[in-house]
Amino acid sequence: MGDRATVMLVHGYAEHIGRYSHVFRLLREKGYGVVAHDHRGHGLSDGRRGHVERYETYLDDLDLITASLPAGLRIILGHSMGGLLALHYLLHRRPRFDAAIILAPYLGLRDQPRLKTTLGKLLCAVRSTFPIANGLDPHTLSRDPAVVTAYTEDPLVFTTTTPGWFFSMKRCIDATFSGPHRLEPPTLLLYGDDDGLCDHDRTVELTGLLEAPELTVEVVAGGRHELHNDLEAAATLRRVLRWLDEKVPLRGQSEE
């Protein structure tokens with residue numbers, strides 16, 4: 222693994238780790254090792270596409286990956302659903318990480334009609350695995366037309382969700398807000414002010430609850446949901462690397 226630290230990536234919903242190849246390349250160039258996996262039901266992993274009955278299943282998988290990490294400094298990087306999972310994981314299971322980077326965490330949707338939620342509850346009780354179009358507009362992800370085209374043409378990206386997944390993640394969100402709220406590792410949280418997918422009023426609400434000795438929250442002007450794939454992706458990734466330079470060395474070598 223890398224000489225400086227190992228970064229564990231937790232990706233978002235309906236995508237896969239192949240969409241982060243440019244991020245991995247940059248991290249490796251800067252001396253970081255990278256560990257990543259496709260969530261169950263995502264990318265090249267087995268499982269019904271986009272479905273999970275219990276969000277804890279994702280966390281159990283994170284436990285397995287974390288246990289396999291090499292000795293030395295560890296960083297967790299989560300985007301969207303992965304940002305939610307990373308936060309919940311740090312708050313509730315308290316694994317040993319030396320820093321955390323959270324990008325546009327999924328703590329609620331910006332537009333979630335009440336009727337759709339009510340109908341989803343009824344359907345979940347009958348058939349939680351029923352596939353439903355997720356209605357995601359790929360233009361909410363990035364202002365870069367090439368990114369939008371690549372997303373829509375990616376055979377490993379899917380456009381459905383299930384009632385079971387939606388309400389499982391709602392339980393994860395509720396548990397994240399209910400506490401505990403002690404966030405130990407230095408954390409950088411970034412989101413864009415033009416994110417049309419996630420409700421970042423909820424992000425602000427959660428950061429107000431966190432008991433975090435070292436929490437840096439920054440809003441990227443004009444940024445959409447995938448800051449690492451947006452027009453200003455290079456600047457965003459440089460910011461992440463500068464923050465790592467500032468924070469990670471100050472922690473020293475962590476004990477196992």
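With our numbering applied, the sequence shown covers 222 to 477.
C-beta: ideal position from N, C-alpha, C; glycine also.
No experiment lies behind these values; they were computed from the predicted model shown.
Other residues of its chain near residue i: CB distance less than 6 Å, five sequence neighbours each side excluded
i    : result
G268 : R261, G262
E447 : L362, S363
G233 : H300, S301, M302, G303
K468 : A320, P407
L377 : H237, G264
Y405 : Contrary to the premise, residue 405 reads as Glu rather than Tyr in this sequence. Answer for E405: no residue qualifies.
S266 : D259
H484 : Outside the shown range of the chain, which is 222 to 477, sits residue 484, and nothing can be said about it.
Residue i - partner residues in DSSP beta bridges
i    : result
R314 : Paired residues: none, contrary to the question.
L448 : For L448, which the question treats as bridged, DSSP gives no partner whatsoever.
V231 : G299
T361 : Paired residue(s): none; T361 is not in a bridge.
A257 : L230
Y241 : Answer is none; Y241 lacks a bridge partner.
L330 : C419
A292 : DSSP lists no partner for A292.
R403 : E432
A354 : T381
Extent of the continuous alpha helix (DSSP H) to which residue i belongs
i    : result
A367 : 366 to 374
T531 : An answer regarding residue 531 cannot be provided, because it is not within the stretch 222 to 477 covered by the chain.
A454 : 454 to 472
F387 : 384 to 399
L280 : 277 to 288
Under 9 Å between C-beta atoms of residue i and residue j
i    : j    : result
D466 : P407 : no
V256 : L306 : no
I297 : L409 : no
L324 : R225 : no
H309 : W386 : no
S363 : L452 : yes
L328 : I394 : yes
T227 : P291 : yes
G431 : R392 : Reading off the sequence, residue 431 comes out as Leu, not Gly. No; because the gap between Cβ atoms is not below 9 Å, this pair is not in contact.
E426 : F398 : yes
G413 : A367 : no
H313 : L280 : yes
N450 : D365 : yes
E416 : R445 : A small correction: the amino acid at residue 416 is Asp; Glu does not occupy that position in the sequence shown. It is a contact, given that the beta carbons lie within the stated cut-off.
N355 : T373 : no
Y270 : P352 : According to the sequence displayed, residue 270 carries Arg and not Tyr. Result yes, Cβ atoms of R270 and P352 sit closer than 9 Å.
First and last residue of the uninterrupted beta strand (DSSP E) at residue i
i    : result
E439 : 436 to 441
I323 : 320 to 324
Y553 : The structure shown does not extend to residue 553, since the chain is modelled only from 222 to 477, so the question has no answer here.
Beta-carbon contacts of residue i that lie in its chain and below 8 Å, excluding the five residues immediately before and after
i    : result
M357 : Before going on, a small fix: residue 357 reads as Leu here, not Met. Closer than 8 Å at the Cβ level, and outside the excluded window around L357, lie A235, T380, L418.
L247 : L458, L462
W464 : I322, L409, T437
P401 : L312, H313
A288 : none
T428 : L410, L436, V438
P470 : none
S389 : V273, E274, R275, Y276
Sequence-distant residues of its chain with Cβ nearer than 7 Å to residue i (five each side left out)
i    : result
L462 : K251
R423 : L328, G329
H360 : V369
A196 : Examination of residue 196 is not possible in this model, given that the chain is present from 222 through 477 alone.
Are three or more beta carbon pairs between the stretch 237 to 248 and the stretch 274 to 287 nearer than 8 Å? no
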